[in-house]
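The structure under discussion appears below in the form of structure tokens.
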Amino acid sequence: MSGSYDCIIVGSGPAGISASLYTLRAGFSTLLISTQDSALRRAERIENYYGFSKGISGEELLREGEEQARRLGAALTFEEVVRVDPFDGIAVHTPNDVYRCGALLLATGARRVRPEIENLEALEGRGVSACAVCDGFFHRGKPVAVLGSGDFAASEARELAPIAASVTILTNGQQPTADFGSLPVVTTPVARLVGQELLQGVELEDGTSLTLSGLFVAMGKASAVDLARAAGILTGPHGITVDAQMQTNIEGIFAAGDCVGGLLQISKAVGEGAVAGMAMIAHLRKASS
Numbered sequence: 375m376s377g378s379y380d381c382i383i384v385g386s387g388p389a390g391i392s393a394s395l396y397t398l399r400a401g402f403s404t405l406l407i408s409t410q411d412s413a414l415r416r417a418e419r420i421e422n423y424y425g426f427s428k429g430i431s432g433e434e435l436l437r438e439g440e441e442q443a444r445r446l447g448a449a450l451t452f453e454e455v456v457r458v459d460p461f462d463g464i465a466v467h468t469p470n471d472v473y474r475c476g477a478l479l480l481a482t483g484a485r486r487v488r489p490e491i492e493n494l495e496a497l498e499g500r501g502v503s504a505c506a507v508c509d510g511f512f513h514r515g516k517p518v519a520v521l522g523s524g525d526f527a528a529s530e531a532r533e534l535a536p537i538a539a540s541v542t543i544l545t546n547g548q549q550p551t552a553d554f555g556s557l558p559v560v561t562t563p564v565a566r567l568v569g570q571e572l573l574q575g576v577e578l579e580d581g582t583s584l585t586l587s588g589l590f591v592a593m594g595k596a597s598a599v600d601l602a603r604a605a606g607i608l609t610g611p612h613g614i615t616v617d618a619q620m621q622t623n624i625e626g627i628f629a630a631g632d633c634v635g636g637l638l639q640i641s642k643a644v645g646e647g648a649v650a651g652m653a654m655i656a657h658l659r660k661a662s663s
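Taking the working numbering, I'd label the letters of the sequence shown as residues 375 to 663.
Dropping the structure here:
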């Protein structure tokens, strides 16, 4: 399904769908890419959102939003985005396809998977990283590992393979769901990280250990913040950094909803999606004038 669109929106929640209603009605082709993995989808009843006197389930709200976007002409694909390349005509990579666009919105929420492993938090920034593109250079010629079992982990491993002396996949007890090629895959759970000032390695629950210079955490799916950091988009302590028009530091790339921090509510996400949608329209019109 790879191709080019005026707009690509990563995420089909309230922020993403809201933005798409504006871009579509303005006549711009719009692709929504979603994994459909949302905490909102598991909400039994939402009673604090305008217009639903009897409440509505998260599943129903999301389904209605996606159908509304489809009715206006949106293309939807259910894939995981593993990388964003802002220097290739804004290219969005999934495990099997590459999509290009003139304006991109990151709206995948704020979900972040951090396993409870002893010393993991203490060694973040001291050998433990969440971005292979950002930090892989510091471990060139040294042994590293990727903590994860899916496509996100496989994408990080591919970034590291040409740089590091070796790359080991640590699934932390999960069965691999991605193709890691010839890279060694260890499914034994990680008991603890070893090191004080800097990471020195990991100790597994079976008592074996592995010497490492770097550990790259890529559990679950890449969040909007993960994608942003790897693409050189500025982030802060609460999420992706945006201006009043929801634009990031890279022209043509926008972010909205929970991934930018602040009040984590549907009403805020819908409003920010509307602002982002209008800003995307203005950007595309300016680019074509």
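Ideal placement from N, C-alpha and C gives every residue a C-beta, glycine not left out.
Item	Value
E492 CB to nearest heavy atom of the ligand GTP below 7 Å	The ligand GTP is absent from the structure shown, which contains no ligand whatsoever.
Per DSSP, the bridge partner or partners of V564	L578
Three CB pairs or more closer than 8 Å across the stretch 534-548 and the stretch 458-471	no
G515 versus L584: straight-line alpha-carbon distance, rounded	16 Å
Distance between Q574 and A417 (C-alpha atoms, nearest Å)	42 Å
Distance between S663 and P611 (C-alpha atoms, nearest Å)	37 Å
CB contact flag (L544, V564, <8 Å)	yes
Delimiting residues of the beta strand (DSSP E) encompassing V507	Not the beta strand (DSSP E): V507 falls in the alpha helix (DSSP H), residues 506-509.
Range covered by the beta strand (DSSP E) that runs through T542	540-544
Opening and closing residue of the alpha helix (DSSP H) in which H657 lies	640-662
Pairwise C-alpha distance: G635 and R603	15 Å
Selection from G476, H467, G581 that minimises the alpha carbon distance to E530	H467
C475 vs S378 beta-carbon contact at 8 Å	yes
Separation of G425 from L589, as counted between CA atoms	47 Å
Secondary structure of S378, DSSP reduced to three states	strand
Inside the stretch 583-613 only - alpha helix (DSSP H) runs reaching at least 4 residues	598-604
Buried or exposed (CB count within 10 angstroms, at least 16 for buried), K428	exposed
Distance CB(I383)-CB(T404) smaller than 8 Å	yes
Residues that DSSP places opposite S523 in a beta bridge	BP columns for S523 are empty, so no partner.
For E492: DSSP bridge partner residues	R566
From T409, G606, A519, G463, residue whose alpha carbon lies closest to that of K595	T409
Environment of A504 [buried if 16+ CB atoms lie within 10 Å]	buried
F731 in three-state terms, based on DSSP	Only positions 375 to 663 of the chain appear in this structure, which leaves residue 731 out of reach.
Straight-line gap, F628 to E579 (C-alpha atoms, nearest Å)	42 Å
Where the beta strand (DSSP E) through A629 begins and ends	627-629
Buried or exposed (CB count within 10 angstroms, at least 16 for buried), S412	buried
Collapsed DSSP secondary structure at P517 in the structure displayed	strand
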